[in-house]
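Remarks on the structure that follows.
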Amino acid sequence: MRLQVILMHHLADLLRSKTRCDSQNRTLPNRANLTHNQPGKEGIHPFTDGNGRIGRALLNAVMRRTGVSNRVVVPVASALAADQDHYFGLLTGYRTGDVDAIVEDLALCVQASAREAGRTAAVFRELPGEWHESAGARRGSAVRTLIDSLLENPVITAADAEHITGVDTVNAYRAMKRLEDAGVVHEVTSRQRNRVWAATSVLDELDDLNVRIATAIRAERD
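Start counting at 1 in the sequence shown, then tack on 88, and there's your number in our numbering.
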């Protein structure tokens, strides 16, 4: 435990130092600044596990801070994970001094991920209207309220439905049954109590996004 506390203290100091350098001396191009975070976490290995995931999460924090992105989270991890052998090869090269390769590859990953995420955003914009029509949702109804929440809550429990709509349990289940019958959601549990539903189109599109990003980054690398 003492070692963990010491490690966390030094890691926090490292992150504060990096933030000061980023904000006071922006001499590095954004893509080089981005690249330092992910392989940096893999290289120093501050945690027993999850260093790569933490580094990939920090990529979006750096993009936000440096103005590369404003409000969105770019799913760059999908591109980085598309070819693990290639990815680990880049990390190995980074540790031995080959910085250019991973900088260029990360730029391609961000570009491919952002482009495909834009396509997914366009699909998501159309979904509520399609769901309203499929379910015959009346304005002000519990069904319509649930539909309007599905992009933010694509996986939903009966308790969630009650909270979102403000109706009782019976009416929450009735509204979810309407959505299920209309093909808007499908149940992912097989029980009478504590049921969970998922917005089919949202999950399908996210799966498709992952595949498209992997395909796009392979094409970019070729």
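All C-beta atoms, glycine included, are put in the ideal place defined by N, C-alpha and C.
Nearest residue (CA-CA) to residue i, options the options
| i | options | result |
| --- | --- | --- |
| Asp193 | Trp285, Asp171 and Val211 | Asp171 |
| Glu221 | Leu267, Gly181 and Ala260 | Leu267 |
| Val258 | Arg144, Glu293 and Asn282 | Asn282 |
| Leu239 | Thr184, Val272 and Cys197 | Val272 |
| Leu59 | Gly143, Ser166 and Ser278 | Outside the shown range of the chain (89 to 310) lies residue 59, about which nothing can therefore be said. |
| Gln280 | Gly155, Gly185 and Lys265 | Lys265 |
| Gly262 | Gly177, Ala230 and Leu178 | Residue identity check: residue 262 is Arg in the sequence provided, not Gly. If we check each option's Cα against that of Arg262, Ala230 comes out closest. |
| Ala270 | Trp219, Asn241 and Asp173 | Trp219 |
| Val164 | Gly228, Cys197 and Ala260 | Cys197 |
| Ser157 | Ile252, Gln199 and Phe176 | Gln199 |
Bridge-paired residues (DSSP) for residue i
| i | result |
| --- | --- |
| Thr245 | Val284 |
Run of the alpha helix (DSSP H) containing residue i, from where it starts to where it stops
| i | result |
| --- | --- |
| Val231 | Ala230 to Ser237 |
| Val164 | Val164 to Leu168 |
| Thr319 | No answer is possible for residue 319: the residues shown for the chain start at 89 and end at 310. |
| Val160 | That residue, Val160, is in no alpha helix (DSSP H); it is neither H nor E in DSSP. |
| Ser201 | Val187 to Ala223 |
| Glu268 | Thr257 to Asp269 |
The beta strand (DSSP E) enclosing residue i, as first and last residue numbers
| i | result |
| --- | --- |
| Glu275 | Val273 to Glu275 |
Residue i to residue j span [Cα, whole Å]
| i | j | result |
| --- | --- | --- |
| Arg153 | Arg141 | 19 angstroms |
| Arg188 | Ala149 | Reading the sequence as shown, one finds Asp at residue 188 and not Arg. Between Asp188 and Ala149, the C-alpha separation is close to 22 angstroms. |
| Lys129 | Leu146 | Here Lys129 scores only 46 on pLDDT, less than 50, and its place in the model should not be relied on; the value that follows carries that caveat. About 9 angstroms. |
| Val161 | Asp295 | 16 angstroms |
| Gly254 | Gly224 | 20 angstroms |
| Leu311 | Asp236 | For the chain, the structure presents residues 89 to 310; residue 311 sits outside this window and is missing. |
| Leu234 | Arg207 | 24 angstroms |
| Lys151 | Ala249 | The sequence given here places Met at residue 151; Lys does not occur at that position. Looking at the two C-alpha atoms, the distance is approximately 35 angstroms. |
| Gly181 | Val191 | 11 angstroms |
| Asp310 | Arg159 | 31 angstroms |
| Gly155 | Gly143 | 18 angstroms |
| Leu288 | Val211 | This sequence places Thr at residue 288; Leu is not what is there. In a straight line, the C-alpha of Thr288 is about 13 angstroms away from that of Val211. |
| Asp173 | Leu179 | 10 angstroms |
| Leu291 | Glu275 | 13 angstroms |
| Glu293 | Ala209 | 10 angstroms |
| Leu168 | Ala195 | 11 angstroms |
| Leu99 | Ser278 | Low confidence applies here, because Leu99 scores a pLDDT of 47, under 50, leaving its location unreliable; read the following figure in that light. So the two alpha carbons sit approximately 45 angstroms from each other. |
| His251 | Ala260 | 9 angstroms |
| Gly177 | Ala307 | 18 angstroms |
| Arg227 | Arg213 | 19 angstroms |
| Gly217 | Arg183 | 50 angstroms |
Distance cut-off 8 angstroms: residue i Cβ against heavy atoms of the ligand ATP
| i | result |
| --- | --- |
| Asp188 | No copy of the ligand ATP occurs in the structure displayed, which carries no ligand at all. |
Are three or more beta carbon pairs between the segment 198-217 and the segment 287-305 nearer than 8 angstroms?
For the pair of segments examined, the segment 198-217 was found to touch the segment 287-305: the number of CB pairs separated by less than 8 angstroms reaches three.
At least 3 beta-carbon pairs within less than 8 angstroms: the segment 239-254 vs the segment 282-295:
Three or more Cβ pairs closer than 8 angstroms define a contact, and the segment 239-254 meets that threshold against the segment 282-295.
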